[in-house]
Amino acid sequence: MEPMITDRLAINVVPMQEPVCSVGVDPNCGECCSIFTDEDRRAAFGYQLETAACECHDICVEDVRDICVTSRTLTTCIPCNTDGIAGCRGGFLPDGIPSIQNWRVLCAEESLSPQTGCDRINNNIEFEIVLQYGNSLVVVTPRDNFSCLWSDFARFPSGTFFPDNETGLNQFRNELALIDGACKVIIIEDVRVAVSGNDCLLVIEYEVIDKLWKHENLLVSAIKPYEDNLTVKQTFSQGHSIGSCTNSGLCGGIVNG
Numbered sequence: 406m407e408p409m410i411t412d413r414l415a416i417n418v419v420p421m422q423e424p425v426c427s428v429g430v431d432p433n434c435g436e437c438c439s440i441f442t443d444e445d446r447r448a449a450f451g452y453q454l455e456t457a458a459c460e461c462h463d464i465c466v467e468d469v470r471d472i473c474v475t476s477r478t479l480t481t482c483i484p485c486n487t488d489g490i491a492g493c494r495g496g497f498l499p500d501g502i503p504s505i506q507n508w509r510v511l512c513a514e515e516s517l518s519p520q521t522g523c524d525r526i527n528n529n530i531e532f533e534i535v536l537q538y539g540n541s542l543v544v545v546t547p548r549d550n551f552s553c554l555w556s557d558f559a560r561f562p563s564g565t566f567f568p569d570n571e572t573g574l575n576q577f578r579n580e581l582a583l584i585d586g587a588c589k590v591i592i593i594e595d596v597r598v599a600v601s602g603n604d605c606l607l608v609i610e611y612e613v614i615d616k617l618w619k620h621e622n623l624l625v626s627a628i629k630p631y632e633d634n635l636t637v638k639q640t641f642s643q644g645h646s647i648g649s650c651t652n653s654g655l656c657g658g659i660v661n662g
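Okay, so the sequence shown: first residue is 406 according to my numbering, each after it adds one.
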């Protein structure tokens, strides 16, 4: 290539190399390759390698084997005086209907159920809701307890449910012998205050996806977008962490400095 002459300075113009990502024998890395070769996302994610290949990686992970999906509505009474009329039997109720200022999951956990013959996974979820009455704030912590029965679980990835009979129950018990732990996805769809007569009800509508996993060593197809490096993982410990609801002190969850 001939050099360009600009103000008597010779500059060799070297064309920028287009990022290359080879999907290899297995095309499963196509989506990852499209991210790796996109210039905007390369800049956003700090990718410096110009070439990457889809390769087989040997990783140790928590492999989800069974999933239960359930929709829940938690309803609890909260103080209010909707019609402004004082009661005849003493006590005090704040006037008006409160507004919701904030909400979050305080703690969540799953547990096995040997007491019922290992036929279910018990779930506990506690919420923290901040209500405002005029200039005052009130915190309530309603808790929901429910179970996913064996027939509520579908195997991943087939989507086949355990049969709702003795055979299915025995299959689930055998599966639990292999399971090492659980995790859940909590999707809060609505938090509102409803009125029923002269009562106020706090209503929380949410969905739970309960997942049972096993420690597993897997071979996966993936690309490594960075040069050889030191990767350090850290769990944030500041503020509120969603932990177990059991033995968590006077307040649910885990509170760090």
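Using N, Cα and C, we set each Cβ at its ideal position, and we do this for glycine too.
In this text, all values refer to a predicted model and were calculated from it rather than measured experimentally.
Nearest-angstrom Cα separation, counted from LEU606 out to VAL600: 6 Å
So, under 8 Å CB-CB, ASP557 and THR475 are touching, yes? Tell me the CB distance rounded to an integer number of Å. 7 Å
Alpha carbon to alpha carbon, how far is ASN603 from THR480? 16 Å
Beta-carbon separation (whole angstroms), PRO499 vs PRO484, contact threshold 8 Å: 6 Å
For TYR631, write down the residues that DSSP places opposite it in a beta bridge. According to DSSP, which records beta bridges pairwise, TYR631 is partnered with nothing at all.
Would you kindly check if the distance between the Cβ of LEU583 and the Cβ of LYS619 is under 8 Å? yes
Between the segment 449-467 and the segment 615-633, are three or more C-beta pairs nearer than 8 Å? yes
By a C-beta neighbour count over all protein chains shown, 10 Å radius and 16 as the cutoff for buried, is ASN550 buried or exposed? exposed
Same chain, Cβ closer than 6 Å to SER649, neighbours up to 5 away in sequence not counted: GLU514
Boundaries of the alpha helix (DSSP H) in which THR636 is found, first to last residue: Segment: none, THR636 is in no alpha helix (DSSP H) and carries neither H nor E.
With DSSP as the reference, identify every bridge partner of CYS605, one or two as the case may be. ILE483, VAL600
Rank VAL510, ASN433, THR442 by C-alpha distance to the C-alpha of ILE647 and give the top, closest one. VAL510
Could you tell me which whole beta strand (DSSP E) segments of length 3 or greater appear in the segment 547-616? 548-554, 558-560, 586-601
Does the segment 440-455 come close enough to the segment 572-581 that 3 or more CB-CB pairs lie under 8 Å? no
First through last residue of the alpha helix (DSSP H) which encompasses SER439: 435-442
Exposure of VAL613, with buried meaning 16 or more beta-carbon neighbours within 10 Å: buried
Considering only DSSP beta bridges, list what GLU460 is partnered with. ALA627
Could you have a look at THR651 and say whether DSSP puts it in helix, strand or coil? coil
Count the other CB atoms, across all protein chains shown, that sit within 10 Å of the CB of PRO503; report buried if there are 16 or more and exposed otherwise. buried
Using 10 angstroms around the beta-carbon of ARG525, count the other beta-carbons present and answer buried if the total reaches 16, otherwise exposed. buried
Answer with buried or exposed for ASN634, where buried requires no fewer than 16 other C-beta atoms within 10 angstroms of its C-beta. exposed
Does the distance from the CB of CYS473 to the CB of CYS588 come in under 8 Å? no
What span of residues does the beta strand (DSSP E) with GLU515 cover, start to end? 504-517
How far does the beta strand (DSSP E) with ASN529 in it reach, from first residue to last? 525-538
Under 8 Å by Cβ, that's how I've got THR441 and ALA457 pegged, so tell me the actual separation to the nearest angstrom. The identity of residue 441 in the sequence shown is Phe, whereas the question assumes Thr. Confirmed, Cβ separation roughly 6 Å.
Sequence-distant residues of its chain with Cβ nearer than 7 Å to THR487 (five each side left out): ILE502, VAL600, ASN603, CYS605
Please classify ASP615 as buried or exposed, where buried requires at least 16 neighbouring CB atoms within 10 angstroms. buried
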